[in-house]
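A.B. asks: Counting in UniProt numbering, the sequence shown runs from 1 upward without gaps.
A virtual CB, placed ideally from N, CA and C, is assigned to each residue, including glycine.
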Amino acid sequence: MNEFLDALTLARWQFGLTTLYHFIFVPLTIGMSLLVAILQTAWVRTGKVKYLRLTRLFGKIFLINFAMGVVTGIVQEFQFGMNWSNYSRFVGDIFGAPLAMEGLIAFFFEATFIGLWIFGWDKLPKKIHVLTIWFVWIGTVLSAYFILAANAFMQNPVGFEINEERGRAELDSIGSVLLNPVALTQFPHTLFASIMFAGVVLVAVAAWHLQRGQFVDEMRTTLRFGAWTNIVAFLGVGLTGHELGMVMTQTQPMKMAAAEALYNTASGPDASFSIFSWGTPDGMHEIFSVRIPYLLSFLSNGTFDGTVEGIRDLQAEYELAFCGADSALTCPSDGSFVPIVWVTYWSFRWMTGLGAFAALVSAVGLWITRKNAELPAWVWKVAIWTAPIPMLASLVGWVFTEMGRQPWIVFGVMTTEQGVSPGVPGWAVLVSLIVFTLVYGGLAVLEFKLITRAAKEGPPEIEMHDDSGDGEGEPDQQKLATVY
Numbered sequence: 001m002n003e004f005l006d007a008l009t010l011a012r013w014q015f016g017l018t019t020l021y022h023f024i025f026v027p028l029t030i031g032m033s034l035l036v037a038i039l040q041t042a043w044v045r046t047g048k049v050k051y052l053r054l055t056r057l058f059g060k061i062f063l064i065n066f067a068m069g070v071v072t073g074i075v076q077e078f079q080f081g082m083n084w085s086n087y088s089r090f091v092g093d094i095f096g097a098p099l100a101m102e103g104l105i106a107f108f109f110e111a112t113f114i115g116l117w118i119f120g121w122d123k124l125p126k127k128i129h130v131l132t133i134w135f136v137w138i139g140t141v142l143s144a145y146f147i148l149a150a151n152a153f154m155q156n157p158v159g160f161e162i163n164e165e166r167g168r169a170e171l172d173s174i175g176s177v178l179l180n181p182v183a184l185t186q187f188p189h190t191l192f193a194s195i196m197f198a199g200v201v202l203v204a205v206a207a208w209h210l211q212r213g214q215f216v217d218e219m220r221t222t223l224r225f226g227a228w229t230n231i232v233a234f235l236g237v238g239l240t241g242h243e244l245g246m247v248m249t250q251t252q253p254m255k256m257a258a259a260e261a262l263y264n265t266a267s268g269p270d271a272s273f274s275i276f277s278w279g280t281p282d283g284m285h286e287i288f289s290v291r292i293p294y295l296l297s298f299l300s301n302g303t304f305d306g307t308v309e310g311i312r313d314l315q316a317e318y319e320l321a322f323c324g325a326d327s328a329l330t331c332p333s334d335g336s337f338v339p340i341v342w343v344t345y346w347s348f349r350w351m352t353g354l355g356a357f358a359a360l361v362s363a364v365g366l367w368i369t370r371k372n373a374e375l376p377a378w379v380w381k382v383a384i385w386t387a388p389i390p391m392l393a394s395l396v397g398w399v400f401t402e403m404g405r406q407p408w409i410v411f412g413v414m415t416t417e418q419g420v421s422p423g424v425p426g427w428a429v430l431v432s433l434i435v436f437t438l439v440y441g442g443l444a445v446l447e448f449k450l451i452t453r454a455a456k457e458g459p460p461e462i463e464m465h466d467d468s469g470d471g472e473g474e475p476d477q478q479k480l481a482t483v484y
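#1: Whole angstroms are fine: how far does the CA of V205 sit from the CA of K381?
#2: Who does T415 pair with in a DSSP beta bridge?
#3: Buried or exposed for L35, going by 16 or more other Cβ atoms inside 10 Å?
#4: Check this for me: beta carbons of L392 and L354, under 7 Å apart or not?
#5: If you drop the 5 nearest sequence neighbours on each side, which residues of the same chain put their C-beta closer than 7 Å to that of V429?
#6: Looking only at its own chain, which residues have a Cβ that is under 7 Å from the Cβ of A359, when we skip the five neighbours before and after it?
#7: As an exercise, report each continuous alpha helix (DSSP H) stretch of at least 4 residues that is fully enclosed by the stretch 74-159, in chain order.
#8: Determine which residues share a DSSP beta bridge with N163 and list them.
#9: Would you kindly report the start and end of the unbroken alpha helix (DSSP H) that includes P181?
#10: I'd like to check one pair, E77 with S143: are the Cβ atoms closer than 7 Å?
#11: Does the Cβ of F108 have 16 or more other Cβ atoms within 10 Å, making it buried, or fewer, making it exposed?
#12: Run through DSSP, which three-state label would I275 get?
#13: What distance in whole Å lies between the Cβ atoms of A454 and residue 504, which are believed to be in contact at a cut-off of 8 Å?
#14: Alpha helix (DSSP H) containing F436: first to last residue?
#15: Within its chain, find whatever has a CB closer than 6 Å to the CB of G226; leave out the 5 residues flanking it on each side and keep chain order.
#16: What do you get for C331, buried or exposed, if any count of 16 or more other CB atoms within 10 angstroms of its CB means buried?
#17: Please name the residue or residues paired with I292 in a DSSP beta bridge.
#18: Spell out the partners DSSP gives A316 in its beta bridges.
#19: Mark V361 as exposed unless 16 or more other C-beta atoms lie within 10 angstroms of its C-beta, in which case mark it buried.
#20: State yes or no: is the C-beta of residue 492 within less than 7 Å of the C-beta of Y345?
#21: Which class does T401 belong to by DSSP, given the choice of helix, strand or coil?
#22: Output the distance between the C-alpha atoms of G81 and Q250, rounded to the nearest integer angstrom.
#23: Can you say whether K255 is buried or exposed, counting buried as having 16 or more other CB atoms within 10 angstroms of its CB?
#24: Does the Cβ-Cβ distance between V338 and V91 come in under 7 Å?
#25: What three-state label does DSSP hand A359 in the structure shown?
#26: Exposed or buried, what is R405 when buried is set at 16 or more other beta-carbons lying within 10 Å of its beta-carbon?
#27: Keeping to the same chain, check which residues put their C-beta closer than 6 Å to that of V483; ignore five residues upstream and five downstream.
#28: Measuring straight from C-alpha to C-alpha, what distance separates I368 and A37?
#29: Since I believe A149 is in contact with residue 539 (beta carbons under 8 Å), could you give me their beta-carbon distance rounded to a whole number of angstroms?
#30: Do you know offhand how far residue 489's Cα is from A42's?
#31: Which same chain residues, not among the five before or five after G159, have their C-beta less than 8 Å away from its C-beta?
#32: Taking only three categories from DSSP, how would you classify A227?
#33: Measuring alpha carbon to alpha carbon, tell me which of S33, I30, V237 and K126 ends up nearest G47.
#34: DSSP has A266 in a bridge; who is on the other side?
#35: Nearest to F348 by alpha carbon, out of A316, T416, V420 and A261?
#36: Could you check what DSSP says for L39 in three-state terms: helix, strand or coil?
The following block contains the structure:
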């Protein structure tokens with residue numbers, strides 16, 4: 001019973017679940033705002049009404065998702081005070097700076113231009129109006145960067161000094177925090193992953209309508225646009241992931257070792273990438289594995305003859321470095337600096353595997369739909385059910401990022417068990433965890449129904465005035481403003 005009501009365990013579960021739930025909405029907001037901006041730009045440049053109709057369709061999906069993301073994101077910051085007060089007190093001066101910048105700069109910037117975009121259809125010239133959605137996308141990107149900078153501090157703490165008198169870490173250089181190498185590599189990786197997710201959502205919506213023979217012209221355009229977006233973004237994910245992996249090896253070598261189930265330091269051909277590995281329950285010995293020689297060396301160092309430190313050697317190094325006489329915040333109670341190897345190992349592989357599968361589906365889809373041929377129903381169903389795959393890849397990617405950092409809440413500075421609120425009993429955390437789970441479950445059902453309904457309705461009809469006789473014309477601005 002005591003283990004069931006352990007405040008630390010429950011606080012970790014609560015933060016993990018609420019973070020992953022919130023992150024369902026984040027990548028779709030980032031990616032969809034970009035694709036909507038591109039579609040509206042295509043309408044402004046070409047005058048083709050199909051691009052305007054697609055802008056309104058996916059703009060509606062974007063707005064639904066954005067609203068839900070705002071609601072779920074508020075809880076994230078509350079948890080720092082509720083369940084992680086020791087952490088907030090000790091590093092809040094540094095961690096809070098990028099969070100404050102996200103709220104005061106990026107979010108208000110984004111919200112302002114969302115308002116202009118929603119209510120400006122009949123009030124702004126269309127070339128000015130299209131800029132508002134581009135500024136919305138810029139706002140989402142800025143917001144993501146500030147959040148990632150805060151997270152990067154937890155992975156690779158920089159820009160601070162310890163005030164021994166006050167017993168806390170204090171900000172020394174905001175520039176170092178914002179230009180953290182982890183943030184600089186994590187940001188484009190997250191950005192491309194978000195665009196992948198949005199691209200596959202476009203493919204799924206198009207497939208649903210094409211299976212039924214609805215809005216054929218608009219949906220064939222959507223299908224190909226979404227598929228190409230997904231493929232190009234996947235290439236970006238791969239390239240930026242390689243850069244992030246090399247930075248991770250430099251800043252968090254234990255995470256890389258656990259990600260590859262590498263128990264002994266290796267170099268050259270022995271620094272191999274394991275496709276499958278099976279270890280002992282304590283995670284300290286390998287029993288069987290299937291590996292590709294040299295590949296881990298290249299992924300970690302960019303060369304085929306580099307050295308990658310193993311779990312055993314790193315454990316010994318960390319014991320010497322962090323478990324000395326003055327180690328109240330840096331030595332875990334069990335003395336182990338090894339994350340849960342199987343979680344870290346398999347989350348890394350699920351992340352890459354799911355992303356690759358989504359890109360493969362898009363590539364195959366582009367090939368088989370290059371001609372206006374009749375396709376069996378199962379083809380469209382595969383395309384539809386591919387929609388959540390990039391989202392799942394992003395979610396397990398965050399599981400890898402956060403679980404691979406354990407036992408640290410801030411690497412090398414404070415362990416997770418030291419960061420939890422000391423005065424909050426386990427039952428209180430359990431109650432809030434149950435409440436959040438129920439509320440979030442209801443919000444998930446609502447989100448899915450709203451987006452599904454908007455997607456099934458398809459592109460809205462837009463009344464056009466064709467004064468030029470070219471077959472395109474201009475939309476009725478007053479009626480256009482009421483489509484939402």
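C.D. replies: Put simply:
#1: 11 Å
#2: W408
#3: buried
#4: yes
#5: A7, L10, A11, Q14 and N83
#6: N230, I231 and F234
#7: 85-101, 108-119 and 126-155
#8: R168
#9: P181 to Q211
#10: no
#11: exposed
#12: strand
#13: In the structure displayed, the chain extends from 1 to 484; residue 504 sits before or after that span and is not available.
#14: G426 to E457
#15: G199, L202 and V203
#16: buried
#17: F273
#18: In the DSSP output, where bridge partners are listed per residue, A316 has none listed.
#19: buried
#20: Given a span of 1 to 484 for the chain in the structure shown, any question on residue 492 remains unanswerable.
#21: helix
#22: 32 Å
#23: buried
#24: no
#25: helix
#26: buried
#27: The predicted model places V483 with a pLDDT of 49, which falls under 50 and marks its position as unreliable; any figure quoted below should be read in that light. If we look at V483 and ignore the five residues flanking it on each side, its Cβ neighbours are R56 and P460.
#28: 28 Å
#29: What the structure shows of the chain is the stretch from 1 to 484, and residue 539 is not part of that stretch, so it cannot be assessed.
#30: For residue 489 there is no data in the structure shown, the boundaries of the chain being 1 and 484.
#31: I94, F153, L171, D172, S173, I174, G175, S176, V177 and N180
#32: helix
#33: K126
#34: V308
#35: A261
#36: helix
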